[in-house]
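To start, the structure under review is shown below, and the notes come after it.
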Amino acid sequence: MDNLHKPVMVKEIIERIDFNNCNFFLDGTFGAGGHTNEILLRGSKVIGLDNYKKAESIALKNKTINKKFDFYQSNFKDIDKVIKKNRITDKFDGVLLDLGFSSNQLQDNDVGLSFKNDVPLKMNYADYEISAYDILNDYSEEKLEKIFSEYGEISNSKKLAKFIITYRKTNEIKSTFDFIELLKKSRVNFGSNRINFATKPFQALRIEANNELENLKIFLVKIKQFLNNNALIFIISFHSLEDRIVKNHFKNYSLKRDLTFQDNQVWGYEILTKRPITADRDELKNNPRARSAKLRVARYKC
Ligand SMILES: C[S@@+](CC[C@H](N)C(=O)[O-])C[C@H]1O[C@@H](n2cnc3c(N)ncnc32)[C@H](O)[C@@H]1O
445 MDNLHKPVMV
455 KEIIERIDFN
465 NCNFFLDGTF
475 GAGGHTNEIL
485 LRGSKVIGLD
495 NYKKAESIAL
505 KNKTINKKFD
515 FYQSNFKDID
525 KVIKKNRITD
535 KFDGVLLDLG
545 FSSNQLQDND
555 VGLSFKNDVP
565 LKMNYADYEI
575 SAYDILNDYS
585 EEKLEKIFSE
595 YGEISNSKKL
605 AKFIITYRKT
615 NEIKSTFDFI
625 ELLKKSRVNF
635 GSNRINFATK
645 PFQALRIEAN
655 NELENLKIFL
665 VKIKQFLNNN
675 ALIFIISFHS
685 LEDRIVKNHF
695 KNYSLKRDLT
705 FQDNQVWGYE
715 ILTKRPITAD
725 RDELKNNPRA
735 RSAKLRVARY
745 KC
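According to this note's numbering, the sequence shown is numbered sequentially starting from 445.
Shown next, in the form of structure tokens:
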């Protein structure tokens, strides 16, 4: 597979890592290896995870060039299982999640994330139980309304959910273009003129089909047990729901103002980014994906 993916905010991540003290790094969203490669180049050992099957072929190439790299095809929410199964005993000095999907996946018709191509409705990065097809053809009106409202931030999600229920009585919604046709017929106003009207409905389906927000929450709870003191945790998110989860998690477990632990805690995060970091002008010019990226960084203390 040709690699079309450009990694986001590499400079902002690399310049924050002290490579003299970063022996072991976890890239929980390996993708096309853009971030992993930069970290390997600076001498750290890296473990890459990705649940997308086709990430493995890119990873295997990496593995042959760099013996300090291991890849496991896995959901990052299962980090504890990966560690146990592979008998990994070292803890991490740095962790990165660069959330969402890669440009490679956007071009991959087997995944079906793009509204530019007419392909079967799946939207799964891995083989999940629920696909976009199942959501549209089986979910109740209440559930549809909830996902379009919460994950798509569509103000008239009630009207859209109602319309889907009526529409599917006589039509099977099989492909991305069937869904676009439905969106047009629904006469729901999808708001912004800046983005394609299908962007938000597609986002809602993708988040639900991949259980994206739950995975992130589970990972954040699990990861702390695998971190060394002073480990840095970097999270790049691409929409406000993810960013809010990260922000609140760091805040809930933050150190006090004087950098001591909160009551009853023996660990905590020093928040290094009060506001999320965004890509600089140069990067925005060269990589449109970077436009919505927000990076938060925290230091783990125990
Ligand atoms: C934005 S891309 C990462 C790109 C990568 N940082 C690079 O520079 O090439 C996000 C990747 O995370 C993967 N991903 C998303 N959710 C995941 C999860 N829960 N577990 C593992 N991988 C996941 C996707 O399959 C995708 O390959």
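Note that beta-carbon positions come from the ideal geometry of N, C-alpha and C, so glycine has one too.
Check                                                                                                                                                  : Outcome
Can you give the beta carbon distance from Leu448 to Phe474, rounded, assuming they're within the 8 Å contact cut?                                     : Actually they are not in contact, since the Cβ atoms of Leu448 and Phe474 sit about 15 Å apart, beyond 8 Å.
In this structure, what does DSSP give as the bridge partners for Ile483?                                                                              : DSSP, once it has assigned bridges, lists no residue as partnering Ile483.
Are at least three pairs of beta-carbons, each pair with one atom in the stretch 558 to 576 and one in the stretch 636 to 656, less than 8 Å apart?    : yes
What residue range is occupied by the uninterrupted beta strand (DSSP E) comprising Gln517?                                                            : Phe513 to Gln517
Am I right that Ala737 and Val452 are in contact with their C-beta atoms under 8 Å? What's the rounded C-beta distance?                                : 5 Å
From which residue to which residue does the alpha helix (DSSP H) around Tyr677 run?                                                                   : Residue identity differs from the one stated: residue 677 is Ile in this sequence, not Tyr. Run containing Ile677: none in the alpha helix (DSSP H); it sits in the beta strand (DSSP E), Leu671 to Ser681.
With a Cβ-Cβ cutoff of 8 Å, do Ser601 and Leu565 count as a contact?                                                                                   : no
Which residues in the same chain have their Cβ closer than 7 Å to the Cβ of Asn659, if we skip the five residues on either side of it in sequence?     : Asn519, Phe520 and Lys521
Any idea if Ser501 is buried or exposed, counting beta-carbon neighbours within 10 angstroms, 16 or more meaning buried?                               : exposed
Start and end of the alpha helix (DSSP H) containing Tyr496?                                                                                           : Counting along the chain, Tyr496 falls outside any alpha helix (DSSP H), and DSSP gives it neither H nor E.
Among Gly556, Ser584 and Gly487, which has the Cα closest to the Cα of Ile624?                                                                         : Gly556
Starting from Tyr744, follow the beta strand (DSSP E) in both directions and report where the run begins and ends.                                     : Lys738 to Lys745
Does the beta-carbon of Lys511 have 16 or more other beta-carbons within 10 angstroms, so that it is buried, or is it exposed?                         : exposed
For chain C, find out if any of its Cβ atoms is closer than 8 Å to the Cβ of Ser681; answer yes or no.                                                 : The chain labelled as chain C is not found in the depicted structure, where only one protein chain is given.
How about Asp524: is its Cβ closer than 7 Å to a heavy atom in ligand 1?                                                                               : no
Using the beta-carbon count (16 or more within 10 Å), is Gly712 buried or exposed?                                                                     : buried
Find out if the Cβ-Cβ distance for the pair Ile483, Phe468 is shorter than 8 Å.                                                                        : no
By Cβ distance below 7 Å, which residues in the same chain neighbour Ala723 in space, the five residues on each side in sequence not counted?          : Val452, Met453, Ala734 and Ala737
Among Gly487, Lys528 and Arg701, which one has its Cα closest to the Cα of Asp537?                                                                     : Gly487
From the DSSP output, read off the bridge partner residues of Asp542.                                                                                  : Ile680
Is any non-hydrogen atom of ligand 1 found closer than 7 Å to the C-beta of His683, if you look at the structure I gave you?                           : no
Tell me whether Asp514, by its Cβ, gets closer than 7 Å to a heavy atom of ligand 1.                                                                   : no
Taking 8 Å as the threshold (C-beta atoms), are Phe705 and Ile645 in contact?                                                                          : Looking at the sequence itself, residue 645 is Pro, so the reference to Ile does not match. Contact flag unset, no.
Can you give me the Cβ contacts of Ser681 inside the same chain, cut-off strictly under 7 Å, excluding the 5 residues immediately before and after it? : Leu543, Asp687, Val690 and Lys738
Would you grab the beta carbon distance between Glu586 and Lys606 for me? Rounded to a whole angstrom, and I think it's under 8 Å.                     : Their Cβ separation, rounded to whole angstroms, is 11 Å, which puts Glu586 and Lys606 out of contact at 8 Å.
Taking the alpha-carbon of Asn495 as reference, which of Asp534, Lys505, Phe545 and Asn481 has the nearest alpha-carbon?                               : Phe545
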